[in-house]
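Asks:
Residue numbers (this note's numbering), protein chains in the order written: chain A, 182 to 296; chain B, 4 to 117.
1. So, under 8 Å CB-CB, residue 194 (chain A) and residue 272 (chain A) are touching, yes? Tell me the CB distance rounded to an integer number of Å.
2. At 7 Å on the CB atoms, spell out the chain B contacts of residue 227 (chain A), in chain order.
3. How many whole angstroms separate the CB atoms of residue 61 (chain B) and residue 289 (chain A), which I take to be in contact at a CB cut-off of 8 Å?
4. So, helix, strand or coil for residue 264 (chain A), using DSSP?
5. Start and end of the beta strand (DSSP E) containing residue 21 (chain B)?
6. Using a Cβ cut-off of 9 Å (strictly closer), state whether residue 33 (chain B) contacts chain A.
7. Quick one: does residue 97 (chain B) have its CB under 9 Å from some CB of chain A?
8. Can you find the residues in the same chain that come closer than 6 Å, C-beta to C-beta, to residue 240 (chain A), ignoring five residues on each side of it along the sequence?
9. Excluding the five sequence neighbours on either side, which residues of its own chain have a C-beta within less than 6 Å of the C-beta of residue 218 (chain A), listed in chain order?
10. Quick one: grab the DSSP three-state call for residue 88 (chain B).
11. Flag this pair as yes or no: are the beta carbons of residue 258 (chain A) and residue 202 (chain A) separated by less than 9 Å?
12. State the Cα-Cα distance for the pair residue 274 (chain A) and residue 88 (chain B), rounded to the nearest angstrom.
13. Under 9 Å, Cβ to Cβ, is there at least one residue of chain A near residue 69 (chain B)?
14. Quick one: which residues of the segment 212-245 of chain A get their C-beta closer than 8 Å to a C-beta of chain B? List them in chain order.
15. For residue 113 (chain B), name the three-state secondary structure that DSSP assigns.
16. Counting contacts by CB-CB distance shorter than 9 Å, is residue 7 (chain B) in contact with chain A?
17. Tell me, please, which residues DSSP counts as bridged to residue 285 (chain A).
18. Is any beta-carbon of chain A found at less than 9 Å from that of residue 75 (chain B)?
19. Could you pull the start and end residues of the beta strand (DSSP E) that residue 32 (chain B) belongs to?
20. Check whether the segment 8-25 of chain B touches the segment 63-80 of chain B, counting contact only when three or more Cβ pairs, one atom from each stretch, lie closer than 8 Å.
21. Measure from the C-beta of residue 51 (chain B) to each C-beta in chain A and report whether the shortest distance is under 9 Å.
22. Any idea if residue 95 (chain B) is buried or exposed, counting beta-carbon neighbours within 10 angstroms, 16 or more meaning buried?
23. Can you name the residues that DSSP bridges to residue 62 (chain B)?
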């Protein structure tokens, strides 16, 4: 039961253009969403998060959008840079019950930014 | 302020052996979570510790166990290793156990079971 899905295994964009990474979820109890970036042989690095009470959060070149009715979130990177090339994971957590504090991750999207 | 650290970085064990992995939380964080990341997959939640008590567990058998110490460092123990236990093991610390608390990951321990 894949509760968090990233349906695009990979994305390739040109330097300076926008990168849009997508994520869908099925569990209505999720109330907090995060994006992580991961380089090979390193742990995931926190990028940006959004609470379910918001629909947008911005941090520099990174913006996360949340559409609760569609159970969909996206990460926009503008402008994209070659150093952004990495695996991007979407993650979600839920309040209460046995899920408390547990992050559920998607499968990841490999982003490649070409110079 | 130091980040999350893990040791060792790499480990090779044989089937049936036992292994202990270690994690030091980020300064001021009292909650630690452990994840298993198989090749090509996202991390999967093993369990979480808050103030030395287990505070939630994922779908992993009892041979996966943990400890959290008074200084909030943590251990993951795996008994009777199986080939499928080969993975990157990640620990993540957070300021508190709240669901809206960002978890910060260490670099991971790569475990290979032969």
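Beta carbons are placed, not taken as given, at the ideal position from N, Cα and C, and that holds for glycine.
Please read these numbers as outputs of a predicted model, since none were measured by experiment.
Replies: Result, derived from the coordinates:
1. The Cβ separation is near 22 Å, so there is no contact.
2. 105 and 107
3. Going by Cβ atoms, the distance from residue 61 (chain B) to residue 289 (chain A) rounds to 18 Å, so no, they are not a contact pair.
4. helix
5. No beta strand (DSSP E) holds residue 21 (chain B); DSSP gives it neither H nor E.
6. no
7. It does; some Cβ of chain A falls within 9 Å.
8. 229
9. 226, 228, 267 and 269, listed in sequence order.
10. For residue 88 (chain B), the secondary structure class from DSSP, reduced to helix, strand or coil, is helix.
11. The answer is yes: Cβ separation under 9 Å.
12. 25 Å
13. It does not; no Cβ of chain A falls within 9 Å.
14. 212, 213, 215, 217, 222, 223, 224, 225, 226, 227, 230 and 232
15. strand
16. yes
17. A:273
18. no
19. Run containing residue 32 (chain B): none; DSSP gives neither H nor E here.
20. yes
21. yes
22. buried
23. Residue pairing of residue 62 (chain B) in beta bridges, as defined by DSSP: absent, with no partner found.
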